[in-house]
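Asks: Before I ask anything, let me first share the structure, which is written out below as structure tokens.
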Amino acid sequence: MNKKNYLNSINNSQKPFIIYKTIKGFDLFTDFSKKIILNNQNIKHFLNQNHSYKKKYKSTDLYIGFFGYELLNNLIGVKVPRQKSINFPKGIFYKPETIINLKEDLIYEPQSTHKIDRNFKINIDQNSYTKIFDKFKKKIRSGQTYQIKICTKYKNKSKIDPLDFFCRLAKTNLAPEAFMIKDKNYSIISCSPENLINKKGPSISTKPIAGTLRKTKNINKRKALNFFKNNIKETKEHNMIVDMERNDLSRICIPGSVKLKKEKSVEEYKDLYHYVSLISGKLKKKVENIDIIKAMMPGGSVIGCPKISTLNLLNKQEKENRNIYTGSFGYIKFNGDMKFNIIIRSILNYKNISEISVASGVVIDSNAKHEFNENFIKAKALIDLFK
Amino acid sequence: MIYVIDHKDSFTHNVVHQLSLFDKVECDDFSKVNKSKLNKASTIVFSPGPGSPKDYPLSSKIYKQFKGKKKIIGICLGFQQILFSEGASIIEQNKIYHGFQSEVLVNKSSKLFIAGNKFKVGRYHSLKLKEPFNAENFDITMRCVISGAAMSFENNVDKIYGFQFHPESFLTLNGKLLIKKILSA
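Structure, rendered in structure tokens:
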């Protein structure tokens, strides 16, 4: 089949498919022979399946999909109280039979023009946001949390063409962990920048982002680094995340093997600069998939610190289910290698309702108005696709 | 064996990792402490953690039970936990240090470190020791160069040591050395 028209034909075929960013382009996964809807009961079995009987691995010997936020909480023994919910599945994984490599320039011509509503409703207005913010600041003063991320949700009702959204997003914001899922009753479009787990054999690494700077004409990479270095608030937030990720890797890695490979460097993307670190380690011998998932997820950089106490504070506060937000998308190969991101900067479209969740961090010296606006800026890049 | 009592912190396993370079380490949640491990351990370590020492009465109980019988080390919350069990008040600070690198200065009362030495250390604490504080055989041995807040104590009679900062943090430049000294004390 002609790759050029491939996207159009697969989209017309109504077959579910997944696209995931690779270093050079994208991989498209389809022809799913299995679809596993995860819950608290079957997740352990799913993660601990032993595929080692196979002698030779094919590139399609993997499961690809996502873990939602609630499932990941429950997996580490953190309860989420009853919340307003759209009953979206807690996690879904697929077994693909076909993988196609696509080049970076995705060519797709949207066929029907859906009428799209551009109005979004936010679930927490600035007033309520400030109240939550002040409450959490008190919790920081009393030492219950050192950093906590308040989540706000933007929603609207509309039918969308997820492939069109994803292709446009890939043009404006080509994020290293971008992905999309299109299934019969839902779709996800994401420009996640953050890798949480990269595991090959006994080697594992994580690449937390804490600190984002918008690109302008006057800023280059060197200036961006100076900006982050001189910004005490950003530096402290980042330090905290680095120590937390070192901790999470230390749970599953050989003592002495956890290393800070890249400390507070700047990565340049199309529209912004990120302040990132790279931490790696060598896994202990008896570590299983489930141990890795439990140690690393939900990814700390989008939750706050310390993880358990902060998750409990968040869950007590939040009235609406996070669904996919701050969960993880990626794949587990049958040989045990895996790659997972953190699901942020994403649209979940389910039952013709689109939701975009965003969060920004409260530390002792952050400001409510600034963080509320920061949340809006993060959502805007996605909201702008609705036109 | 070193037994680390975890107060559900996101830095505890950095402590475990660091201690593992010197001895076998076991680590359990503070609410699931194992008695036979406690009895077997040569050293008990109270981990960092959220909240304040009054939230962890079980840890204070363990401290009182083993004081003088085993070496005891406290880090951050653990540091406060030990002092709190010795009658100290632990209070909120005006300026809060989370993810902050600062300098601490060793004073003359230290038996393990050289007076006048400075260390660059990582800090993650909302609360601090209220001073003046007095307890038999306890000396404050390091202080923050800028604020003067208590950063380390030594009780060389009962072999009890504590750091308010985090020797296991990547922000602490000589963390391994600091831990080695108190483990071999």
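Keeping their order, the protein sequence lines are chains A and B. Oh and the first sequence: position 145 is 191 in my numbering, straight run, nothing missing. Oh and the second sequence: position 155 is 161 in my numbering, straight run, nothing missing. Every residue gets a Cβ at the ideal spot worked out from N, C-alpha and C, and that includes glycine. Keep in mind the model is a prediction, meaning the values are calculated, not measured.
1) Excluding five sequence neighbours on each side, which residues of the same chain lie with their C-beta closer than 7 Å to the C-beta of B:L111?
2) If we count the other Cβ atoms within 10 Å of its Cβ and call it buried at 16 or more, is A:T372 buried or exposed?
3) Output needed for B:H131: all residues of its chain with C-beta closer than 7 Å, excluding positions within five of it in sequence on either side, in chain order.
4) Kindly say whether B:S16, judged by its beta-carbon, lies nearer than 8 Å to any beta-carbon of chain E.
5) Could you tell me whether the stretch 392-411 of chain A touches the stretch 219-234 of chain A, where touching means 3 or more Cβ pairs closer than 8 Å?
6) Can you name the start and end residues of the alpha helix (DSSP H) that A:D337 belongs to?
7) Could you check whether the Cβ of A:M47 sits closer than 8 Å to any Cβ belonging to chain B?
8) Taking a cut of 9 Å between CB atoms, which residues from the stretch 404-426 of chain A lie near chain B?
9) I'd like the span of the alpha helix (DSSP H) that includes A:F418, first residue to last.
10) Nearest chain A C-beta to B:V10 closer than 8 Å, yes or no?
11) Within its chain, find whatever has a CB closer than 8 Å to the CB of A:S158; leave out the 5 residues flanking it on each side and keep chain order.
12) Which value, in whole angstroms, describes the spacing of the CA atoms of A:D163 and A:K205?
13) Would you verify that the beta carbon of B:P173 is, or is not, closer than 8 Å to some beta carbon of chain A?
14) Rounded to the nearest angstrom, what separates B:Q86 and B:S108 at their Cα positions?
15) Going by C-alpha distance, which of A:Q60, A:N413, A:F63, A:K67 is nearest A:K279?
16) Going by DSSP, what residues sit across from B:T49 in a beta bridge?
17) Flag A:K282 as yes if its beta-carbon sits less than 8 Å from any beta-carbon of chain B, otherwise no.
18) Please list the segments of the alpha helix (DSSP H) lying wholly inside the stretch 152-198 of chain A, counting only runs of 4 or more residues, in order along the chain.
19) Any residues in the stretch 295-318 of chain A with a beta carbon nearer than 7 Å to a beta carbon of chain B? Which ones, in chain order?
20) Around the Cβ of B:D15, are there at least 16 other Cβ atoms within 10 angstroms (buried) or fewer (exposed)?
21) Cβ of B:M7 versus every heavy atom of the ligand GDP: is any distance shorter than 7 Å?
22) If you draw a straight line from the C-alpha of B:H23 to the C-alpha of B:V39, how long is it?
23) For A:S193, decide whether its Cβ has a neighbour in chain B, counting only Cβ atoms nearer than 8 Å.
24) Under three-state DSSP, which class holds B:C33?
25) Compute the Euclidean distance between the alpha carbons of A:I338 and B:P138, then round it to the nearest angstrom.
26) Is the Cβ of B:G57 closer than 8 Å to any Cβ of chain A?
27) Can you give me the start and stop residues for the beta strand (DSSP E) that B:H13 sits inside?
28) Closest Cβ-Cβ distance between B:N180 and chain A: below 8 Å?
29) Relative to the C-alpha of A:F182, which residue among A:N169, A:C197, A:I168 is closest?
30) Can you check whether the C-beta of A:K353 is within less than 8 Å of a C-beta belonging to chain B?
31) Ordered along the chain, which non-local residues of its own chain (more than five positions away) have a Cβ less than 7 Å from that of B:K46?
32) Could you pull out every residue in the same chain whose Cβ sits closer than 8 Å to the Cβ of B:F72, ignoring the five residues on either side in sequence?
33) What is the DSSP secondary structure of B:T178, reduced to helix, strand or coil?
34) Tell me the rounded alpha-carbon separation between A:M47 and A:L74.
35) Does B:T18 come out as helix, strand or coil in the three-state DSSP assignment?
36) Distance, Cα to Cα, A:L295 vs A:F134?
Replies: On the basis of the data shown:
1) K124, M148, R149, V151
2) buried
3) C82, Y103, Q170
4) No chain E is present in this structure, whose protein chains are A and B.
5) yes
6) 335-342
7) The predicted position of A:M47 is uncertain, since its pLDDT is 49 and thus under 50; a value taken from the coordinates is nonetheless stated next. A:M47 does not count as touching chain B.
8) Those residues of the stretch 404-426 of chain A that come within reach of chain B (Cβ to Cβ, closer than 9 Å) are V409, I410, D411.
9) 414-429
10) no
11) D207
12) Across the structure, A:D163 and A:K205 are spaced so that their CA atoms are roughly 9 Å apart.
13) no
14) 19 Å
15) Distances from the alpha-carbon of A:K279 to those of A:Q60, A:N413, A:F63, A:K67 put A:N413 closest.
16) B:I8, B:K77
17) Answer yes: the Cβ-Cβ gap between A:K282 and chain B drops below 8 Å somewhere.
18) 172-187
19) The residues in question are S296, R297, P301, G302, V304, L306.
20) buried
21) The ligand GDP is absent from the structure shown, which contains no ligand whatsoever.
22) 19 Å
23) Reading the sequence as shown, one finds Gln at residue 193 of chain A and not Ser. So, interface residue.
24) strand
25) 46 Å
26) yes
27) Per DSSP, B:H13 belongs to no beta strand (DSSP E) and is neither H nor E.
28) no
29) A:C197
30) A:K353 counts as touching chain B.
31) M7
32) Within the same chain, B:F72 has close Cβ partners L44, I50, I78.
33) Under the three-state reduction of DSSP, B:T178 is assigned to coil, being neither helix nor strand.
34) Reliability fails at A:M47, whose pLDDT of 49 lies under 50, so the model's placement of it is uncertain and no value is given.
35) helix
36) 30 Å
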